[in-house]
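**Student:**
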Amino acid sequence: MYTLYNYKKMKFINCKDNKLFIDNSSLPDPTENQIQIEIFSTSVNRADVLQRKGHYPPPKGESEIIGLECAGIVSKIGPNSSKFKVGDKVCAILGGGGYAELVNVDERQVMPIPSNISMLEAGSLPETILTVYENIFNISEFKNNEVVLIHGGSSGIGTTAISLLKNFTDQIYVTAGSKEKCDQCLQLGAKAAINYKDEDFEQYFIDQKIKVDVILDMVGGSYLKKNLKILNHKGRLTYIAALESIKAEANLLYIMTKQLKVSGSTLRSRSPEEKGKIVNQVVEHIWPLIEQGKYKPTIFQSFNMEDVNLAHELMESSSHIGKILLDIKGGQK
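See below:
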């Protein structure tokens with residue numbers, strides 16, 4: 011059994027002049043409805059890179075420390091918190107604070123770790139699974155056996171979407187930027203993977219006479235007008251990022267005549283109550299799939315805290331497939 015460490019100071023990853031380094035700080039006890047988690051692992055997300063560069067500050071009231079998710083062991087319980095007990099293995103969606111040894115978080119944002127997922131792997135679950143569930147199942151109202159297109163199929167979000175959706179449809183299409191990435195997407199369960207560097211995805215769907223029901227896009231820019239053209243009648247397009255450009259031009263007649271639904275969302279700025287609703291849905295509908303071995307996270311590489319700058323370099327290179335992790339405990343179980 012793991013013995014909780016009695017921290018006088020916690021290590022965390024600080025940032026100065028666009029560089030990350032290990033620092034020390036104290037952490038107050040958890041307050042109303044909060045629990046404290048001793049962190050074992052967290053993920054490197056693209057939003058972390060933006061925050062490091064000063065482009066994505068945390069919402070008001072959230073930790074200034076980078077990190078949008080974590081996995082670990084409950085170390086303290088705040089007033090009126092009853093969902094978990096000290097010693098429970100959990101993972102959580104955060105507004106900030108994941109790049110540290112300890113974090114306080116509202117218990118509504120916390121989930122038990124499935125029994126067949128390691129502590130390290132669990133650090134990859136919250137952000138991507140909640141994002142996919144909210145945008146595809148809730149906002150886009152995905153129905154079984156619909157045709158889905160995922161842009162950025164080899165990303166953490168993309169690999170999560172493929173691995174989850176294959177339990178509900180065999181009509182999963184993705185775009186990715188290399189043959190290796192496309193091959194990996196096919197192995198995960200995609201029906202087809204389009205290398206956007208060699209082939210125009212709009213023309214692919216026109217040639218194959220395929221109408222898409224749901225599109226999850228993190229590219230933006232020039233993809234908008236193409237997405238609208240290939241969507242089915244009453245199709246749904248959801249944006250979660252705009253890596254190419256936040257500006258786009260499109261023919262609005264497609265939206266009107268095909269009765270399309272175009273939306274966008276983020277998780278980070280939502281209230282604990284809003285995040286808690288998605289957490290409850292994921293635990294009810296997705297956690298059983300994980301327990302049954304029907305979903306496994308795609309982990310590309312893990313780094314110790316000391317190598318966090320290398321982890322960010324890897325993220326910025328876009329050469330990875332799946333999730334990049336920080337092993338806060340350095341391999342300790």
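Numbering (the numbering used here), first residue to last: 11 to 343. Cβ atoms here follow ideal geometry from the backbone N, Cα and C, with glycine treated the same way.
1. Which of helix, strand or coil does DSSP assign to residue 173?
2. So what does DSSP say about residue 308, is it helix, strand or coil?
3. Taking just the CA atoms, how far does residue 246 sit from residue 156?
4. Just to check my reading of the structure: residue 144 and residue 273 have Cβ atoms closer than 8 Å, yes? What is that Cβ distance to the nearest angstrom?
5. Got a sec? Which residues, its chain only, sit under 8 Å from residue 232 by beta carbon, not counting five neighbours each side?
6. Following the continuous beta strand (DSSP E) through residue 121, name the residue where it begins and the one where it ends.
7. Between the C-alpha atoms of residue 193 and residue 204, what's the straight-line distance to the nearest angstrom?
8. Grab the span of the alpha helix (DSSP H) containing residue 293 for me, first residue to last.
9. Between the alpha carbons of residue 24 and residue 297, how many angstroms are there, rounded?
10. For residue 17, which residues from the same chain have a beta carbon less than 7 Å from its beta carbon, with the 5 sequence-adjacent residues on both sides left out?
11. Distance, Cα to Cα, residue 132 vs residue 291?
12. Assign residue 67 to one of two classes, buried (16 or more other C-beta atoms within 10 Å of its C-beta) or exposed (fewer than that).
13. Across the segment 99-111 and the segment 67-86, are there enough close Cβ pairs to call them in contact, namely three or more that are closer than 8 Å?
14. Give the single residue among 42, 87, 169, 314 whose Cα lies nearest to the Cα of residue 135.
15. How many Å lie between residue 127 and residue 293 at the Cα?
16. Do residue 62 and residue 289 count as a contact pair if the criterion is CB distance below 8 Å?
17. Which runs of the alpha helix (DSSP H) at least 4 residues long sit entirely within the segment 128-203? Give them in chain order.
18. Alpha carbon to alpha carbon, how far is residue 185 from residue 302? Give it in angstroms, no decimals.
19. Using CA atoms only, rank isn't needed, just tell me which of 120, 199, 195, 51 is closest to residue 332.
20. Assuming the contact rule is C-beta atoms closer than 8 Å, residue 336 and residue 315 should be a hit. Round their C-beta distance to whole Å, please.
21. Got a sec? Which residues, its chain only, sit under 7 Å from residue 214 by beta carbon, not counting five neighbours each side?
22. Around the C-beta of residue 237, are 16 or more other C-beta atoms found within 10 angstroms, so that it is buried, or is it exposed?
23. Give me, in chain order, the residues of the same chain whose beta-carbon lies closer than 8 Å to that of residue 187; leave out the 5 immediate sequence neighbours on both sides.
24. To the nearest angstrom, how far is it from the Cα of residue 240 to the Cα of residue 160?
25. Helix, strand or coil: which one does DSSP assign to residue 42?
26. Can you tell me the Cβ-Cβ gap for residue 226 and residue 308, rounded? I've got them flagged as a contact below 8 Å.
**Tutor:** Here's the rundown:
1. helix
2. Looking at residue 308 - three-state DSSP - the assignment turns out to be coil, as it is neither helix nor strand.
3. 11 Å
4. Between residue 273 and residue 144 the Cβ distance is about 11 Å, and since that is not below 8 Å, they are no contact.
5. 254, 255, 258
6. 120-122
7. 10 Å
8. 282-295
9. 33 Å
10. Leaving aside the five residues that flank residue 17 on each side, the residues in its chain whose CB is nearer than 7 Å to its CB run, in chain order, 111, 112.
11. So the alpha carbons of these two residues sit roughly 18 Å apart.
12. By the Cβ-count criterion, residue 67 is exposed, with fewer than 16 other Cβ atoms from all chains shown falling within 10 Å of its own Cβ.
13. The answer is yes - the segment 67-86 touches the segment 99-111, with three or more Cβ pairs under 8 Å.
14. 169
15. Straight through space, the alpha carbons of residue 293 and residue 127 are spaced by roughly 14 Å.
16. no
17. Correct list: 129-132, 135-142, 166-175, 189-198.
18. 28 Å
19. 195
20. 6 Å
21. 204.
22. buried
23. 164, 205, 206, 207, 328
24. 13 Å
25. coil
26. No, residue 226 and residue 308 are not in contact; Cβ-Cβ is about 16 Å, not under 8 Å.
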